[in-house]
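J.: Residue numbers for the sequence shown follow the numbering used here, beginning at 6 and rising by one.
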Amino acid sequence: MPACTRDSTRAQAKRAWNLGNGLDTFAFIIHPIDAKRDVSRKFPFLGRVLSERQIDFFSTFFPPVYISEIEGITSQATGKEIKGWFIACPYTPRRMMELPERTVYRKIIQTGRLAEKLGAQILGLGAFTSVVGDAGITIANALDVPVTTGDSYTVMVAVDALREAARVMDIPFKRSTVAVVGATGAIGQVCTELLADEAERLYLIGRSQEKLEGLRDRLRVHARSELIVSAKMDVLESAQLILTVTSAIHDVIRPEFLQPGSVVCDVARPRDVSAMVAAVRDDILVIDGGMVDVPGPVDFHFNFGFPPGKAYACMAETIALALEGRFEDYTLGKHLTRERVEEVDAMAKKHGFRLSGFRSFEREVTEQQIETVRRNAKNARTLRAVRQ
Ligand SMILES: NC(=O)c1ccc[n+]([C@@H]2O[C@H](COP(=O)([O-])OP(=O)(O)OC[C@H]3O[C@@H](n4cnc5c(N)ncnc54)[C@H](OP(=O)(O)O)[C@@H]3O)[C@@H](O)[C@H]2O)c1
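1. How many angstroms separate the CA atom of Gly77 from the CA atom of Asp304?
2. Where Ala325 and Ile34 are concerned, what is the direct C-alpha to C-alpha distance, given to the nearest angstrom?
3. Alpha carbon to alpha carbon, what distance is there between Gly138 and Leu337?
4. In chain order, which continuous runs of the alpha helix (DSSP H) of length 4 or greater are located wholly inside the region 105 to 165?
5. Apart from the five residues on each side of it in sequence, which residues of its chain come closer than 8 Å, Cβ to Cβ, to Glu344?
6. Considering only residues of the same chain and omitting the five flanking positions on each side of Ile114, which have a CB-CB separation below 7 Å?
7. For Asn381, which of Glu169, Ala170 and Met174 has the nearest alpha-carbon?
8. Beta-carbon within less than 7 Å of Asp298's beta-carbon, same chain only, minus the 5 sequence neighbours each way: which residues are those?
9. Confirm, please, whether the CB-CB distance from Ala321 to Ala273 is below 7 Å.
10. Helix, strand or coil for Val378 per DSSP?
11. Once DSSP output is grouped into helix, strand and coil, what is the label at Arg331?
12. In whole angstroms, what separates the C-alpha of Leu290 from that of Ile233?
13. Going by alpha carbons, who is nearest to Val36 out of Ile75, Thr79, Val160 and Arg100?
14. Here's a check: name, in chain order, each residue in its chain whose Cβ is nearer than 7 Å to the Cβ of Thr189, leaving out the five neighbours to either side.
15. Would you check if the region 64 to 72 and the region 154 to 164 touch, i.e. whether three or more CB-CB distances between them fall below 8 Å?
16. Using a 10 Å radius around the Cβ and a threshold of 16 neighbouring Cβ atoms, would you call Arg276 buried or exposed?
17. Can the beta-carbon of Ile292 be found less than 7 Å from the beta-carbon of Val278?
18. Below 8 Å, how does it come out for the region 200 to 209 and the region 222 to 230: are there three or more Cβ pairs, yes or no?
19. Report back the beta-carbon spacing between Lys85 and Leu28 to the nearest angstrom; my notes put them in contact at under 8 Å.
20. Check whether the Cβ atoms of Ala140 and Thr154 lie closer than 7 Å to each other.
21. So the alpha helix (DSSP H) Ser235 belongs to, where does it begin and stop?
22. Does the distance from the C-beta atom of Ala184 to that of Ile247 stay below 7 Å?
23. Following the continuous alpha helix (DSSP H) through Ala283, name the residue where it begins and the one where it ends.
24. Are Ala244 and Ala125 closer than 7 Å when you measure CB to CB?
25. Using a 10 Å radius around the Cβ and a threshold of 16 neighbouring Cβ atoms, would you call Ala93 buried or exposed?
26. Suppose the cutoff is 6 Å on Cβ atoms and the five residues either side in sequence are ignored; what does the same chain contact list for Asp287 look like?
27. Quick one: Cα of Glu372 to Cα of Arg168, how far?
28. Could you check the C-alpha separation between Ser56 and Lys41 for me, to the nearest Å?
29. Along the beta strand (DSSP E) that carries Ala353, what are the first and last residues, could you check?
30. Who does Val268 pair with in a DSSP beta bridge?
31. Would you mind reading off the limits of the beta strand (DSSP E) that contains Gly4?
32. What does DSSP give as the partner residue(s) for Leu207 in the beta ladder?
33. Is Val297 near ligand 1, with its Cβ less than 6 Å from a heavy atom?
34. Looking at C-alpha atoms only, which residue of Leu51, Arg58 and Ala82 is the closest neighbour of Lys355?
35. Using DSSP with H/G/I as helix, E/B as strand and the rest coil, what is Met174?
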């Protein structure tokens, strides 16, 4: 069968999936990131007795898990209420990187089938389930339910959070030096494209010099910023604002790389920023990227580590599409477009999603803490100047 015929047959099947289904619904796939902590949230006994390695091993044989029903989400624009479900793919990020791609696809597709059985009209892929392989394309092709990775809205929320953090730290964005770590990734590329319109100087950081240069050459035509590529992390010392979004399974940003008073917005899950940064650098603001307020009296009936009423941007994209009635494959693949990023942002704003306050390593960041970081940064800069 020619590809276009197969594609249109699949699109028809997806439309048919949504006919006569009554309630508007969504499902979102989560998975353990910090193995012991996250398994304990659903299975306290297993989380207590199994080691991280054992959880990794047993997750290979575990079936998809029903987590909870989500209720109360209500559009501020239309008053429409929807319901959803959290379902879990048992693999950890390490497992998803170690196992053959087709084994991982199979498990995510199996989890997607659970969403279909529940009656979901759109399915969101959380964390590494959207990173694996071709970023959702194979998964969407195998399922009847439409699929989105949530990456388009993640881009906009990450860039907005960096802008807001710059404002509270008195860093003038248009005169700033910004760095994107993981710049060649799906999310990193469009973040880089948006930031190249604003910053004075922009570092594109990644692992492959060749890919970085390709991205720089593509952006250079329209960019306002001076663009500099680097495959080394030590250039971070020049940046005041850092957006980090790699798919590394270990932290990549350590305290010695960072200049006093800088802001790091960490969008990656697992995190890119080492916990050591919080422990030893009280002159730096590290914020978790991608947290938004959800409209309506939402109850997730599951603690995924955020305060009540807040969600990851990728979850919010899935929910916004359900509120809008856009039951179609939306963000898929490694090449996101700015148009989609702007479209889903408008949709989310209309229904009442808002950038949430700052959190850092799962804790709220208070105004007092920001003030302390500013003061410590000023002292550290003075000390450096005296030493030089
Ligand atoms: N907070 C949220 O709401 C949210 C939503 C969606 C995704 N995420 C997270 O965002 C992250 C990125 O997702 P993505 O879809 O953009 O992934 P991706 O397309 O695979 O891109 C990942 C990027 O990270 C780079 N990278 C991988 N390992 C690295 C390492 N050890 N050191 C330095 N760079 C490394 C890759 O470089 P190469 O090009 O050399 O491979 C690539 O540029 C993931 O952690 C994911 O869980 C968060």
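Here a beta-carbon is modelled for each residue, glycine too, at the ideal position from N, C-alpha and C. The structure displayed is predicted, hence computed values, not measured ones.
T.: Result, derived from the coordinates:
1. The alpha-carbon atoms of Gly77 and Asp304 are separated by roughly 6 Å.
2. For Ala325 and Ile34, the distance between alpha carbons rounds to 16 Å.
3. Annotation: Leu337 to Gly138 spans about 11 Å, alpha carbon to alpha carbon.
4. With a minimum length of 4 residues, the continuous alpha helix (DSSP H) runs that stay inside the region 105 to 165 are 106 to 123 and 142 to 147.
5. There are no such residues.
6. Taken in chain order, the residues that qualify are Ile144, Ala147 and Leu148.
7. It is Met174 whose Cα lies nearest to the Cα of Asn381.
8. Closer than 7 Å at Cβ, skipping near neighbours: Gly314, Lys315, Phe358, Arg359 and Ser361.
9. No, they are not a contact pair.
10. DSSP places Val378 in the helix class (H, G or I) of the three-state scheme.
11. Three-state DSSP puts Arg331 in coil, outside helix and strand.
12. Looking at the backbone, the Cα of Leu290 and that of Ile233 are separated by about 24 Å.
13. Sequence inspection shows His at residue 36; the Val mentioned does not correspond to that position. It is Arg100.
14. Once the five neighbours on either side are set aside, the close Cβ partners of Thr189 are Gly211, Ser213, Lys216, Leu217 and Leu220.
15. These segments do not touch.
16. Arg276 comes out buried.
17. Result no, Cβ atoms of Ile292 and Val278 do not sit closer than 7 Å.
18. Touching, yes.
19. Incorrect: roughly 11 Å between the Cβ atoms, too far for contact.
20. Using a Cβ distance threshold of 7 Å, Ala140 and Thr154 count as a contacting pair.
21. It is not in any alpha helix (DSSP H) - Ser235 instead sits in the beta strand (DSSP E) that spans Glu231 to Ser235.
22. Contact annotation: Ala184 and Ile247 have beta-carbon atoms nearer than 7 Å.
23. If you look at Ala283, you'll find it in the alpha helix (DSSP H) that goes Ala280 to Val285.
24. Not closer than 7 Å, so no.
25. Answer is buried; the Cβ neighbour count reaches 16.
26. Excluding residues within five positions, the ones whose Cβ falls inside 6 Å are Asn381.
27. Distance from the CA of Glu372 to the CA of Arg168, rounded to the nearest whole angstrom, comes to 16 Å.
28. Using only the alpha carbons, I get a separation of about 7 Å.
29. Segment Arg343 to His356 is the alpha helix (DSSP H) holding Ala353; no beta strand (DSSP E) there.
30. In the DSSP assignment, Val268 forms a beta bridge with Leu246 and Leu290.
31. Beyond the ends of the chain as shown, which are 6 and 393, falls residue 4; an answer cannot be given.
32. DSSP lists Val183 and Leu232 as partners of Leu207.
33. Ligand 1 never approaches Val297 closely enough for any of its heavy atoms to be under 6 Å from the residue's Cβ.
34. Among Leu51, Arg58 and Ala82, the Cα nearest to that of Lys355 belongs to Ala82.
35. Secondary structure of Met174 (DSSP, three-state): coil.
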